[in-house]
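Visitor: In the numbering used here, the protein residues as written are 2 to 361.
This is the structure I want to talk about, given as structure tokens.
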Amino acid sequence: MYDLIVRHGLAALPDGVRPVDIAVLDGRIADVGTVTGTAGRVIDASGLWILPGGVEPHMHVENDFLGLSTVNDFFTQSVAAAFGGVTTFFDFANAERGGSLIEAMDGRKEQMAKSAIDYAVHGRVLEPGHITELPEAVLAGCPSFKVYMAYAEVGLMVDDATLLAAFRAAHAARALPLVHAESDPIAAALTEEARREGDLSWSRYPDTRPPLCEAEAFARAARFARLADCPLYMVHTSVAEAVEEARRARQAGLRLYVETCPQYLILTRDLYDDPERGHLAICAPPLRDGRDQPALWQALADGTIDCVGSDDCAYTIAAKAAHLECDPDGKPIPDFTRVVQGVPGIETRLPLLLSEGVAS
């Protein structure tokens, strides 16, 4: 006897879309096809789609940045995830400089224990001390870790020597590095140029992190990974140039996994033209113009892009404006350097993909 049988629903299977029965026992799928037998609960799904629970590979919850914390805790985030069709999510053990990666992992697991869905933890590597802990982290059930090629101003960026050392350690420990690929020197130089010109408007923001900023870092990380003979997972890919770098890297033999996000598939930098609300869309990488979107959709269709994460990093409207100064009329003065980066997305990721990627 099964715990649950879902009958006559439409499922996308390797041989096509067709009506099937799905039996569940002890929380696992036990049979797919024409299921005989009984169950404690039977659901008639005639005319409905049956989808597997989604996995969210990339989000930031109970995360402090620029002295501000994201809006959700892990329970409310898990409820939003479940409403969006997600049954497992990953967040990051935010190890700090001078601190322990293992201790950060343990602390993050305690925070995530309030989740209503399944969860897992990525590590974060900032310095050589964290690299030495990678074998222990893998044995403790954390075989992936993130490195940043940007955010030197807040101490998150790793230099090239540390990046290569982390990749070599990943090879030895059989770990998977996740890479935030933006060139910090390019972003810093263009931000300083905008500051000198007195233009820190929302619409100037994407020009300080142009496609080259991402593509250069993407290519550099891929070359380092080939040298270290380790696999690579590239987060929030947003530009056609990076997609081309992914194709070249794979042709050269790199085991590479590429992620994009709904905001890059659907939204555009035009949102930054709104002087009153443009800052709400500030994220990194920034929203692009529409020219990159056909390449991203095509890459998703042909398998160059492997998955879609949300990079959910949700702040309140008040938090997005918390560090802005105001003019004599009380209106915030645009300054993208004072805005915490991040947008929500875990609850809308799957509905948007079905709406914009399947139905339209």
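Ideal Cβ placement from N, Cα and C applies to all residues, glycine included.
In this text, all values refer to a predicted model and were calculated from it rather than measured experimentally.
Quick check: what's the CA-CA separation for residue 158 versus residue 226?
Guide: Translated into the one-based positions of the sequence shown, residue 158 becomes position 157. Translated into the one-based positions of the sequence shown, residue 226 becomes position 225. C-alpha separation (whole angstroms): 17 angstroms.
Visitor: Would the stretch 83 to 97 and the stretch 108 to 119 be scored as touching if the rule is three or more Cβ pairs under 8 angstroms?
Guide: Yes, the stretch 83 to 97 is in contact with the stretch 108 to 119.
Visitor: Could you pull out every unbroken beta strand (DSSP E) segment of at least 3 residues lying fully inside the stretch 207 to 294, listed in chain order?
Guide: Whole beta strand (DSSP E) segments, 3+ residues: 233 to 235, 257 to 261.
Visitor: Taking the straight line between their C-alpha atoms, what separation do you get for residue 206 and residue 12?
Guide: As a first step, residue 206 is located in the sequence shown; it is residue number 205 there, counting from the start. As a first step, residue 12 is located in the sequence shown; it is residue number 11 there, counting from the start. Straight-line Cα distance between these residues: approximately 43 angstroms.
Visitor: In this structure, does DSSP put residue 87 in helix, strand or coil?
Guide: Translated into the one-based positions of the sequence shown, residue 87 becomes position 86. Looking at residue 87 - three-state DSSP - the assignment turns out to be strand.
Visitor: By a C-beta neighbour count over all protein chains shown, 10 Å radius and 16 as the cutoff for buried, is residue 252 buried or exposed?
Guide: For the purposes of this step, residue 252 is taken as the residue at position 251 of the sequence shown. Result: exposed.
Visitor: Just to confirm the assignment, what range does the alpha helix (DSSP H) spanning residue 110 have?
Guide: By 1-based counting over the sequence shown, the position of residue 110 is 109. Note, residue 110: alpha helix (DSSP H), 102 to 113.
Visitor: Does the CB of residue 28 have a neighbour CB from chain C at under 8 angstroms?
Guide: Protein chain content of the structure displayed is limited to a single chain, and chain C is not contained in it.
Visitor: Check residue 175 in the structure and name its three-state DSSP category.
Guide: Taking the sequence shown and counting its residues from 1, one reaches residue 175 at position 174. If DSSP states are grouped into helix, strand and coil, residue 175 belongs with coil.
Visitor: Within 10 angstroms of the Cβ of residue 30, are there 16 or more other Cβ atoms? Answer buried if so, exposed if not.
Guide: Translated into the one-based positions of the sequence shown, residue 30 becomes position 29. Exposed, since its Cβ has fewer than 16 Cβ neighbours within 10 Å.
Visitor: So, is residue 317 buried or exposed, given that buried needs 16 or more other C-beta atoms within 10 angstroms?
Guide: Reading the sequence shown from its first residue, position 316 is the one you call residue 317. That one is exposed.
Visitor: What does a CB cutoff of less than 6 angstroms around residue 41 pick up in its chain, not counting 5 residues either side in sequence?
Guide: Taking the first residue of the sequence shown as position 1, residue 41 is located at position 40. If we look at residue 41 and ignore the five residues flanking it on each side, its Cβ neighbours are 4.
Visitor: Taking all protein chains shown into account, decide if residue 219 is buried (16 or more other Cβ within 10 angstroms of its Cβ) or exposed.
Guide: If you number the sequence shown from 1, residue 219 lands on position 218. Flag for residue 219 reads buried.
Visitor: Can you name the start and end residues of the beta strand (DSSP E) that residue 131 belongs to?
Guide: Within the sequence shown, residue 131 is the residue found at index 130, counting from 1. Where residue 131 is concerned, there is no enclosing beta strand (DSSP E), although the alpha helix (DSSP H) it sits in stretches over 129 to 133.
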